[in-house]
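Read in order, the letters of the sequence shown are residues 0 to 237 in numbering that gives the first Met the number 0.
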Amino acid sequence: MSQPLLLNLRNLACGYGDQRIVQNLNLHLNAGDIGCLLGSSGCGKTTTLRAIAGFEPVHEGEIQLAGEVISRAGFTQAPEKRRIGMVFQDYALFPHLTVAQNIAFGIAKHPRQAQVVEEMLELVKLGGLGGRYPHELSGGQQQRVALARALAPEPQLLLLDEPFSNLDVELRRRLSHEVRDILKSRGTSAILVTHDQEEAFAVSDHVGVFKEGRLEQWDTPYNLYHEPQTPFVASFIG
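Below you can see the structure in the form of structure tokens.
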């Protein structure tokens, strides 16, 4: 039985200021699925992610989340009202707060705050490290803290912007599989941005290949590899 539609981008054009980076973008993501925006630097994938988050305006088309329009030309729902979590490339942890305090930051009014923090620590395999500070952790551990902080408020959708790019190859490979397992165990819907094909295929249920601001193909990893729809996808996926 298929899951209900969660995210729907319809005829989307977006960019920075008056500059349109992304044109005529259509894709959708079902609840519980993990999608990936894949492409080289400057192709529009991060611009799309920022539009979904509410950080950039929409020039044309619309973005729907759980059936509600959250962005269209002339209207952008505030990011804090979207129930969207974000994991950044540089972790963006508060250096003066402990690991536990970082995770608790977005759930200050939660009646079970301490319990949720402990659950998140166990989920990302950092049990017992809640009292440490970010500088006392490895890069991989810091990214796990960032993931736990983003998941603690139970977002409708999680956005991950090149989350593993600062890690070495072996750790990146291992953590990408771990992140998929964590998201699937919680039924969390997510969109990942990456330039790394192996990472995209390891984590995602659907992958969108971008070229110069346009989506070439949105499909399963299997179909992208075996049934590319354009010459660019065929050459990019190899």
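C-beta: ideal position from N, C-alpha, C; glycine also.
Which whole-angstrom value describes the C-beta separation of residue i and residue j, a residue pair presumed to lie in contact below a C-beta threshold of 8 Å?
i: His-176; j: Ala-201; result: 6 Å
i: Arg-148; j: Ile-102; result: 5 Å
i: Val-208; j: Val-178; result: The pair is not a contact, with the Cβ atoms about 21 Å apart (cut-off 8 Å).
i: Pro-94; j: Pro-133; result: 6 Å
i: Gln-141; j: Tyr-90; result: 5 Å
i: Leu-96; j: Val-123; result: Wrong, their Cβ atoms sit about 16 Å apart, outside the cutoff.
i: Glu-198; j: Arg-171; result: 7 Å
i: Lys-210; j: Gly-41; result: So it is not a contact: roughly 10 Å between Cβ atoms.
i: His-152; j: Ile-106; result: Looking at the sequence itself, residue 152 is Pro, so the reference to His does not match. Confirmed, Cβ separation roughly 5 Å.
Just mark residue i as buried or exposed, buried being the case when its beta carbon has 16 or more other beta carbons within 10 Å.
i: Gln-196; result: buried
i: Thr-47; result: buried
i: Pro-162; result: buried
i: Arg-111; result: exposed
i: Arg-81; result: buried
i: Glu-215; result: buried
i: Thr-45; result: buried
i: Phe-235; result: buried
i: Met-16; result: According to the sequence as given, residue 16 is Gly; it is not Met. Looking at its Cβ environment, which holds fewer than 16 other Cβ atoms inside 10 Å, Gly-16 is exposed.
i: Gly-238; result: Residue coverage of the chain in this structure runs from 0 to 237, which leaves residue 238 outside it and unanswerable.
i: Pro-227; result: buried
i: Ala-189; result: buried
When the distance is taken between beta carbons, is residue j closer than 8 Å to residue i?
i: Asp-160; j: Phe-74; result: no
i: Ala-52; j: Ile-83; result: yes
i: Leu-157; j: Thr-193; result: no
i: Asn-29; j: Pro-3; result: yes
i: Gly-126; j: Leu-166; result: no
i: Gln-18; j: Gly-212; result: no
i: Ile-69; j: Gly-43; result: no
i: Leu-64; j: Leu-24; result: no
i: Leu-150; j: Met-119; result: yes
i: Gly-129; j: Val-116; result: yes
i: Val-98; j: Val-168; result: no
I want to see whether chain C comes within less than 8 Å of residue i, judged by CB atoms only; does it?
i: His-109; result: This model lacks chain C altogether, as it is built from one protein chain only.
- Item | Runs of alpha helix (DSSP H) wholly within the segment 89-158 (minimum 4 residues, chain order) | 98-103, 112-122, 138-150
- Message: Does the segment 203-213 come into contact with the segment 30-44, if we say contact requires no fewer than three beta-carbon pairs (one atom in each stretch) closer than 8 Å?
- Response: yes
- Segments of 3+ residues assigned as beta strand (DSSP E) that fall wholly inside the segment 60-88: 67-71, 83-86
- Query: Taking three-plus beta-carbon pairs below 8 Å as touching, is the segment 5-25 in contact with the segment 60-71?
  - Reply: yes
- Can you give, in chain order, each stretch of the alpha helix (DSSP H) that sits fully within the segment 169-222 and has at least 4 residues? 196-202
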